[in-house]
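First up is the structure itself, then whatever we jot down about it.
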Amino acid sequence: MADIAQDIPIAAQAPPARTTGVLGWLRANLFNGVFNSILTLLCLALLAFAIPPVIRWALIDAIWSAPSGQQCHGAGACWAFIAEKARFILFGFFPAGETWRPATVVGIFLVMILIACNRRSWGRRLAVVWVVGLLAVFALMRGGALGLTPVETAMWSGLPLTLILAVVAMLLGFPLGVLLALGRRSRLPAVRAICIGYIELVRGVPLITVLFMASLMLPLFLPSGMTVDKLIRAQVAFILFAGAYLAEVVRGGLQAIPKGQTEAADTLGLSYWQRTRLIVLPQALTMVIPPLVNTFIGMFKDTSLVLIISLFDLLSCAETALTDANWPGFYIEAYVFVGLIYWSFCFFMSRYSQVLEREFNRGKRR
Amino acid sequence: MAGEGASLGATPSRPAPWRDPKIRGIAYQVAFVAIVVGFAAFVVHNTLVNIGRQNIALGFGFLHREAAFGIGESLIDYSPADTYARAFLVGLVNTLHVAALGVVLATILGTLMGLARLSSNWLVGKLAQIYVETFRNIPLALQLFFWWGLLTKLAPGPRQAWQILPDVFVSNRGISFPVPVASPAYKWVALAFVVGVVLTVAMRRWARRRQMATGVQFPAGWAALGLLAGLPALAFVASGVPLALDAPALKGFNFSGGSTMSPEFAALLLGLVVYTGTFIAEIVRAGILAVSWGQSEAALALGLKSGQRMRLVVLPQALRVIIPPMTSQYLNLTKNSSLAVIIGFPDLVSIANTTINQTGQAIEGIAMIMAVYLVISLTISLAMNLYNRTVALVER
Amino acid sequence: MSDAKAGAGPVIELQGVHKWYGEFHVLRDINLQVQKGEKVVVCGPSGSGKSTMIRCINRLEEHQQGRIVVAGIELTSDLKNIEAIRREVGMVFQQFNLFPHLTVLQNLTLAPIWVRKLPKKEAEETARYYLERVRIPDQADKYPGQLSGGQQQRVAIARSLCMKPEIMLFDEPTSALDPEMIKEVLDVMTGLAEEGMTMVCVTHEMGFARTVADMMVFMDRGEVIERAPPKDFFSSPKSERTRSFLSQILAH
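Residue numbers (the numbering used here), protein chains in the order written: chain Z, 1 to 366; chain F, 1001 to 1396; chain X, 2001 to 2252.
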């Protein structure tokens, strides 16, 4: 056998017909084996059963405009309800004449988030953009300057409120989380114990209880006579809550830093804080960006709980819109509309975090 | 400390106190604790002053007073004449009830969906993916409102109830479903099952020992199936096949017979299961993917059959990856059951909320909720840690 | 070669140093003196405590008994002394431990800027000078992950040199390298030795030891077994344990 040498190259041949093309794909992916074929048929039956009624309801039989709720009850969806209530669901009690302000705020948030998603923008300039953006957001919401009518925080509602609560909770919860994570890994037992206690306590109880605490107990904690705005109370609750969760995310990053890094820093004579700021945190925080994005998604969804302390976020505004006696009973329409907003945001962010994670894994050196 | 005491001749000498890391460490800690304690004292002081002003008596005495509010559903006896303590207990039982059911069902749904996402069947994989990405990215509160709206506002009255399965009716009064008529046969079936479990464990030990000693394998899987399913079935047949079901039937304006799940409970359970199921699906999928392909190849190369490969190589490793995040999902589900308050299911938080509104005992009420959830969290973590340890040992 | 600089005392002195990891006695009564400009090579089987010993010299590990004096400063728990000693002692690790998120130049200037408080420009000039010395002047703006192992280790050496240390410690600097890269690192180390740097190297590179070392130290089970100039050490080791170690390491 050994003396056979192949000198004439073998021309590439087409693969057997059954492995490529549409039929081949169907064979390989849907009908490989009896069990899979049955599964495929079952799934197709389910789809055939479920999809046509949904399409009929949402599109074919839907009513797109109607003067009032009474004329909107038919076999299909009443999108006229959404057309009628969209402004309220999105912006809530913000004065109707000033709708451009919360709308701009939502726009600013979306632009800022899009900019932050671009990895090339990461750096000091991004921080400047965000600070300026947030100042603009608060100026627009609050008014009282630049000729804008003042609007009290009780009127802040809808999507802008949802975004403010989630974004501010992340931004201010982040430093808290970093400090807690460092404290949890401190060699000083008292510092460690207090940080662990805080983190585990907050993570062990439902967010609702933290919100109750902020709304019912915070007033008791403050010196008498001092009152705090309800929105700020809720915001504080979200920050404290986010801090505990972010602490665990950051801790994951800190644990992943090899011991050699701190030893090298020690050898060079860096102090604890220099080492932490220059060597440890930059590496640890980059590593945990994907889970940070996931925490942000969680916070964004969690803001929907503020309705129990009667703040009007996107979801509570939808609930309120449903109580209109002129437009009764359009539950599904309202929930689908609001659900789509939440969904698009969360879906986009989670896809982004998956892409980042894949890039990070590919770029991992050594 | 004593080991490095003064008796040793060349012990490193002590530096000035402000440059000694040990003393510095103590100083930092004292300062930190002082700040925390100082802040706590400030808060406590303010609270006492404020409470004094509002004439609220601090303490748990209110628990013995009459609650005077009704509770929609309860697994234990309760009437408005009972105490607040009893009301709390009702809430706790309701929370545990929905959480326990939710954990079991979410695990089943999540595992199925996670496996489905890995299926070689493209359609099955896609459908599972659509499920996961839809329900994961919508707030639970919204989903609860949706299911609750569907069950209470859009579902028809009992007379036009939707029949989704034979004898299972969905109406705005809840979900009515048949339950088997009580019969002594079930006791025998249960007993047979217990015997089956014991025999299975004994059989597996024996089979394992015999295999180790002689190399002869025993069809343990089939035998276990026989013992676990066969014995109860035998008992069922032997006691005369009591198939009678107590099915719900329309009597007047409502269903009677069978069992009925309130719309609130059904919506909460459905929401929790569907939402948590998405996370569990991702965990299961990631856990199985985390076992590197090399492991499977090595098992193949050793000539293990696919069942053995799964059981002996892949699962033990996957479980180790799966269990910690699974634990936190169970905890999340339990904590999320507190969202019951928004759809009016009387769970612990919702009853505590009512109590606080009636009595003004906010601090005590919230402290009680927190304590309960902390105990639940710690118990679940502890149980899962113990289980995790056995899995880790199996792997070694 | 072996004449210690007259007049000056030892720059490193270990007297009766003991250390325990829990119950495990890792260092047992270590006595060692290193004169200024002297090159000491420490060898021994793995787990013999040689790494632990040199890590005690700049306090990456704390010794529990005995005295360590470096550059005239006693190593106690006094933070000021630890800082002072770390400024005088450079260290090169087996795993390089470069900072992966910083460029080569930033790796080199980090400590001069933050610890020595040099202006950035000056720090960069020094850094470029030492990069030239370790023969990779053109890699300044790359990240460590883009360099080969040998290049990374040379950057690590340059990073230590930028702090202008009096003493350099090497903890198995070539053990993590592919064979073809060992030489480039050893060349740099030899050059450093020729310029009179005080060096303590833990290494198994016996060729390097023969040419560079003034003193060989053999450790086993936490003890210093033998201490001798390389000529005597390799030709006529006194201890049986040294002999068997040398026969194993030189066999292939």
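Glycine is no exception: its CB is placed at the ideal position from the N, C-alpha and C atoms.
Chain F partners of residue i, CB-CB under 9 Å?
i, result
"Phe374 of chain Z", "The question about residue 374 of chain Z has no answer, for chain Z in this structure spans 1 to 366."
"Gly143 of chain Z", "Those do not exist, as Gly143 of chain Z stays about 29 Å from chain F at its closest Cβ, beyond 9 Å."
"Lys85 of chain Z", "Chain F residues near Lys85 of chain Z: none, gap ~15 Å exceeds 9 Å."
"Ser157 of chain Z", "Ordered by position in chain F, no residue passes the 9 Å Cβ test against Ser157 of chain Z, which lies about 16 Å from the chain."
Quick one: Cα of residue i to Cα of residue j, how far?
i, j, result
"Leu1386 of chain F", "Met1326 of chain F", "14 Å"
"Trp156 of chain Z", "Thr104 of chain Z", "14 Å"
"Leu1268 of chain F", "Ser186 of chain Z", "41 Å"
"Gly1365 of chain F", "Ser1262 of chain F", "26 Å"
"Gln2035 of chain X", "Gly2222 of chain X", "22 Å"
"Leu171 of chain Z", "Met299 of chain Z", "11 Å"
"Leu216 of chain Z", "Ala2123 of chain X", "57 Å"
"Gly252 of chain Z", "Gly2072 of chain X", "42 Å"
"Ser1292 of chain F", "Pro15 of chain Z", "29 Å"
"Gly339 of chain Z", "Leu1101 of chain F", "26 Å"
"Pro282 of chain Z", "Ala244 of chain Z", "20 Å"
"Met141 of chain Z", "Pro150 of chain Z", "8 Å"
"Val306 of chain Z", "Val1033 of chain F", "33 Å"
"Glu2023 of chain X", "Gln2095 of chain X", "28 Å"
"Glu1395 of chain F", "Pro1316 of chain F", "Unreliable placement is indicated for Glu1395 of chain F, whose pLDDT of 45 sits below 50; the coordinate value is still reported in the next sentence. Computed Cα separation, rounded: 6 Å."
"Glu2074 of chain X", "Ala2140 of chain X", "37 Å"
"Leu26 of chain Z", "Thr1278 of chain F", "27 Å"
"Met1001 of chain F", "Val1314 of chain F", "Bear in mind that a pLDDT of 38 at Met1001 of chain F, under 50, signals an unreliable position, so the number given afterwards is only what the model happens to contain. Their backbone Cα atoms lie some 48 Å apart in a straight line."
"Lys1126 of chain F", "Ile55 of chain Z", "20 Å"
"Val191 of chain Z", "Ser1377 of chain F", "23 Å"
"Met1384 of chain F", "Ile38 of chain Z", "37 Å"
Considering only residues of the same chain and omitting the five flanking positions on each side of residue i, which have a CB-CB separation below 6 Å?
i, result
"Val1168 of chain F", "Phe1177"
"Leu161 of chain Z", "Asp313"
"Ile1071 of chain F", "Tyr1078, Val1090 and Pro1346"
"Ser121 of chain Z", "Ile115"
"Leu367 of chain Z", "Past the boundaries of the shown model lies residue 367 of chain Z; chain Z is included only from 1 to 366, so the question cannot be answered."
Listing by chain order, which chain F residues have their CB less than 8 Å from the CB of residue i?
i, result
"Cys346 of chain Z", "Arg1136, Asn1137 and Ile1138"
Please work out which residues of its chain come closer than 7 Å, Cβ to Cβ, to residue i, disregarding the five sequence neighbours upstream and downstream, and give them in chain order.
i, result
"Gln2248 of chain X", "none"
"Asp1082 of chain F", "Ala1067"
"Asp2178 of chain X", "Gly2149"
Which chain F residues are close to residue i, counting only those with a beta carbon under 7 Å from its beta carbon?
i, result
"Ser350 of chain Z", "Asn1137"
"Leu222 of chain Z", "Asn1046"
Residues of chain Z with CB closer than 9 Å to the CB of residue i, please, in chain order.
i, result
"Asn2058 of chain X", "Asp266 and Thr267"
Considering Cα atoms alone, identify which of the options is closest to residue i.
i, options, result
"Leu292 of chain Z", "Z:Val106, Z:Ala237, Z:Gln274 and Z:Gln354", "Z:Gln354"
"Gln1160 of chain F", "F:Pro1166, F:Gly1149, F:Leu1150 and F:Asn1172", "F:Asn1172"
"Ile232 of chain Z", "Z:Phe221, Z:Thr153 and Z:Thr262", "Z:Thr153"
"Leu1339 of chain F", "Z:Glu359, Z:Gly24 and Z:Ile308", "Z:Ile308"
"Cys2201 of chain X", "X:Ser2175, X:Glu2180 and X:Pro2179", "X:Ser2175"
Counting only Cβ pairs nearer than 7 Å, list the residues of chain Z close to residue i.
i, result
"Glu2083 of chain X", "Gly269"
"Gln2095 of chain X", "Gly260"
"Thr1359 of chain F", "Chain Z residues near Thr1359 of chain F: none, gap ~12 Å exceeds 7 Å."
"Met2091 of chain X", "Thr267"
Residues in its own chain within less than 8 Å of residue i by CB, not counting five upstream and five downstream?
i, result
"Val1179 of chain F", "Leu1245, Asp1246, Gly1258 and Ser1259"
"Lys301 of chain Z", "Tyr342 and Cys346"
"Phe1088 of chain F", "Leu1063, Leu1348, Ile1351, Ala1352, Thr1355 and Met1368"
"Ser1381 of chain F", "Thr1327 and Leu1331"
Closer than 9 Å by beta-carbon distance: list the chain X residues that pair up with residue i, in chain order.
i, result
"Leu278 of chain Z", "Phe2099, Leu2102, Leu2110 and Trp2114"
"Thr286 of chain Z", "His2101"
Quick one: is residue i buried, meaning 16 or more other Cβ sit within 10 Å of its Cβ, or exposed?
i, result
"Phe49 of chain Z", "exposed"
"Asn2097 of chain X", "buried"
"Val1030 of chain F", "exposed"
"Pro1156 of chain F", "exposed"
"His73 of chain Z", "exposed"
"Arg119 of chain Z", "exposed"
"Gln2091 of chain X", "Before going further, note that residue 2091 of chain X is Met rather than Gln in the sequence given. Buried, by the Cβ-count rule."
"His2063 of chain X", "buried"
"Tyr2021 of chain X", "exposed"
Can you find a heavy atom of the ligand GTP that lies under 8 Å from the Cβ of residue i?
i, result
"Ile2030 of chain X", "By its list of ligands, the structure shown contains no ligand whatsoever, and the ligand GTP lies outside what it can speak to."
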